[in-house]
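Chemist: Counting in the UniProt record's numbering, the sequence shown runs from 1 upward without gaps. Questions regarding the structure given below will be posed in turn.
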Amino acid sequence: MTLREQVEQDFHRRFGAAPTAVVRAPGRVNLIGEHTDYNDGFVLPIAIDREVWIALRPREDRRVVVHSLDYSASLSFEIGPLSRVGTEWGEYLKGVAWALREAGHTLTGWEGVMGGNVPRGAGLSSSAAVELATQRAFATVSGLPWQPAAMALLGQRVENQWMGLHTGIMDQMIVAGGREGHALLIDCRDLSLQPVPLPTGAVVVVLDTGTRRGLVDSAYNERRSQCEAAARFFGVKALRDVDAETFSKREQELDPLVRRRARHVITENDRTVQAAEAMRAGDLTRLGRLMDASHDSLRDDFEVTNEALNTIVLLARAEPGCFGARMTGAGFGGCAVALVAPGQAEAFVQGVHAKYTQATGNTPQCYVCRAAEGTSVA
Ligand code: GLA
């Protein structure tokens with residue numbers, strides 16, 4: 001049974017009728033441009049065919065009643081002044097109601113069933129998928145206009161102000177605005193998008209190490225502060241405004257740790273713009289090399305990889321047909337992404353699976369991803 005069928009069937013069972021609408025939002029994998037979004041830089045993610053679905057219908061009153069298939073739990077709240085009580089899945093839904101109301105929207109109540117298959121905590125933006133699917137549900141029943149960038153900013157507000165995580169705009173932008181068969185080169189300063197077709201000569205393979213690291217929030221916030229310190233040193237708004245030449249002239253004056261953090265961001269921005277060019281030109285060898293260099297910079301300068309990520313990336317690169325591999329997302333655990341020749345993808349997955357299991361004793365999840373459409377009414 002598809003996810004759509006599951007949420008529809010469960011809706012029918014719970015509410016005794018068919019839903020009036022079904023919405024979906026995808027997860028994402030970032031091909032390159034890591035830890036650049038909060039530096040006003042560039043990112044190149046795709047929305048993936050792992051999704052969160054909600055079957056729903058409007059209510060007469062101002063309540064939101066949602067059952068989550070993944071958590072086997074239900075949530076019910078009144079649209080009105082809300083307060084945050086924890087970090088459970090339901091907080092994302094309440095946070096969305098709060099952010100939409102803060103933005104001046106009048107909301108209608110609804111009831112629904114939610115289910116998804118975006119792995120949680122793996123760096124594939126399961127939380128952005130929940131946020132955007134919920135926003136789509138509210139927009140549908142309340143007759144709100146759907147503008148992907150505006151909705152992405154609202155979703156980011158939920159993360160930043162409701163959940164207290166100081167994340168950038170990449171996840172919500174790609175989840176809201178993804179294009180089937182394309183990666184999006186996103187300028188995180190002005191939020192302009194350039195869809196870049198995925199070359200036919202390669203497939204995207206996600207390699208989930210199975211590792212999940214706690215304390216990511218504090219490490220993430222620490223990286224952000226270090227980047228901000230570097231931007232202050234150069235007297236600019238964000239590291240996006242520092243080019244390689246300016247950096248090399250003055251880098252010796254920087255504290256060594258801040259210097260390495262800044263070097264990652266400045267070189268990663270260049271790599272990301274180059275990667276989009278390579279992708280457009282169908283130059284997979286160059287694209288793969290840029291991905292490799294991105295990982296090495298995240299490992300050595302930004303220091304957000306872990307042993308599992310480094311191991312799986314090295315194993316991936318050694319397999320025939322692999323153009324390049326790197327960690328993806330915030331890091332410290334979770335997933336890597338590899339670009340692989342389509343005819344060799346199956347052997348690639350088998351090879352990495354066997355060798356990673358042997359090397360670490362952990363079983364990875366490896367799957368080929370399709371570039372999916374952003375959040376939509378299905
Ligand atoms: C997380 C954040 C994003 C971005 C990445 C790192 O996914 O949510 O905003 O900063 O980490 O590139």
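Backbone N, C-alpha and C define an ideal beta-carbon position, used for all residues, glycine too.
Beta-carbon distances below 5 Å to any heavy atom of ligand 1 define the shell here; list its residues in chain order, please.
Modeler: Those satisfying the condition are, in chain order, Glu-34, His-35, Asp-37, Thr-167, Gly-168, Met-170, Asp-171, Gly-329 and Ala-330.
Chemist: Check whether the Cβ atoms of Val-352 and Val-203 lie closer than 8 Å to each other.
Modeler: Not a contact, by the Cβ cut-off of 8 Å.
Chemist: Could you compute how far the alpha carbon of Glu-60 sits from the alpha carbon of Thr-108?
Modeler: Cα-Cα distance, rounded: 8 Å.
Chemist: Could you check what DSSP says for Ala-345 in three-state terms: helix, strand or coil?
Modeler: Three-state DSSP puts Ala-345 in a helix.
Chemist: Are the beta-carbon atoms belonging to Gly-333 and Arg-213 less than 8 Å from one another?
Modeler: For Gly-333 and Arg-213, yes; Cβs fall inside 8 Å.
Chemist: What do you get for Arg-102, buried or exposed, if any count of 16 or more other CB atoms within 10 angstroms of its CB means buried?
Modeler: With the sequence shown as reference, residue 102 is identified as Glu, and Arg is not the correct amino acid for it. Glu-102 should be labelled exposed.
Chemist: Go ahead and label residue 430 buried or exposed: buried means 16 or more other beta carbons lie within 10 angstroms of its beta carbon, across all protein chains shown.
Modeler: Residue 430 lies beyond the stretch modelled for the chain, which goes from 1 to 378, so this question has no answer here.
Chemist: With C-beta atoms as the reference, is Ile-79 less than 8 Å away from Arg-57?
Modeler: Not in contact: Ile-79 and Arg-57 (Cβ atoms no closer than 8 Å).
Chemist: Compare the beta carbon distance of Asp-301 and Arg-263 with 8 Å and say whether it is the shorter of the two.
Modeler: A contact, by the Cβ cut-off of 8 Å.
Chemist: So Trp-89 is in the alpha helix (DSSP H); what residue range does that whole segment cover?
Modeler: From DSSP, the alpha helix (DSSP H) with Trp-89 extends over 89-102.
Chemist: When you compare each of Lys-237, Glu-222, Ser-76 and Asp-49 to Val-64 by their alpha carbons, which one comes out closest?
Modeler: Looking at the Cα atoms, Ser-76 is the closest of the given residues.
Chemist: Give the straight-line distance between the Cα atoms of Ile-32 and Ile-186, rounded to the nearest whole angstrom.
Modeler: Roughly 11 Å separates the two Cα atoms.
Chemist: Please report the residue range of the beta strand (DSSP E) in which Phe-77 lies.
Modeler: From DSSP, the beta strand (DSSP E) with Phe-77 extends over 73-78.
Chemist: Roughly how many angstroms separate the alpha carbons of Ile-54 and Asn-30, rounded to a whole number?
Modeler: Approximately 24 Å, taken between the alpha carbons.
Chemist: Would you mind working out which of Ser-294, Val-273 and Arg-189 sits nearest Arg-326, comparing C-alpha positions?
Modeler: If we check each option's Cα against that of Arg-326, Ser-294 comes out closest.
Chemist: Could you check if Lys-237 is buried or exposed, using at least 16 other CB atoms within 10 Å of its CB as the buried criterion?
Modeler: Exposed, because fewer than 16 other Cβ atoms sit within 10 Å of the Cβ of Lys-237.
Chemist: Can you give me the Cβ contacts of Ser-142 inside the same chain, cut-off strictly under 6 Å, excluding the 5 residues immediately before and after it?
Modeler: Leu-107 and Thr-108, listed in sequence order.
Chemist: Alpha carbon to alpha carbon, how far is Glu-277 from Gly-112?
Modeler: Each residue's Cα considered, the two are about 43 Å apart.
Chemist: Could you pull out every unbroken beta strand (DSSP E) segment of at least 3 residues lying fully inside the UniProt domain "GHMP kinase N-terminal" (92-176), listed in chain order?
Modeler: Here the runs fully enclosed are 110-116.
Chemist: Could you compute how far the alpha carbon of Arg-289 sits from the alpha carbon of Gly-343?
Modeler: Roughly 20 Å separates the two Cα atoms.
Chemist: Where does Pro-145 land, buried or exposed, given buried means 16+ other C-beta within 10 angstroms?
Modeler: So Pro-145 counts as exposed.
Chemist: Quick one: give me the first and last residue of the alpha helix (DSSP H) that Gly-288 is part of.
Modeler: From DSSP, the alpha helix (DSSP H) with Gly-288 extends over 284-300.
Chemist: Go ahead and pull the three-state DSSP assignment for Arg-63.
Modeler: Strand.
Chemist: Contact defined as beta carbons within less than 8 Å: I believe Leu-124 pairs with Gly-210. What is the distance between those atoms, to the nearest angstrom?
Modeler: The Cβ separation is near 13 Å, so there is no contact.
Chemist: Considering only the beta carbon of each residue, do Val-205 and Ala-338 sit closer than 8 Å?
Modeler: Cβ distance < 8 Å, so Val-205 and Ala-338 count as in contact.
Chemist: Which partner residues of Asp-208 appear in the DSSP bridge assignment?
Modeler: Its beta-bridge partners are Cys-335 and Gln-365.
Chemist: If you draw a straight line from the C-alpha of Phe-233 to the C-alpha of Thr-246, how long is it?
Modeler: If you take the alpha carbons of Phe-233 and Thr-246, they lie about 12 Å apart.
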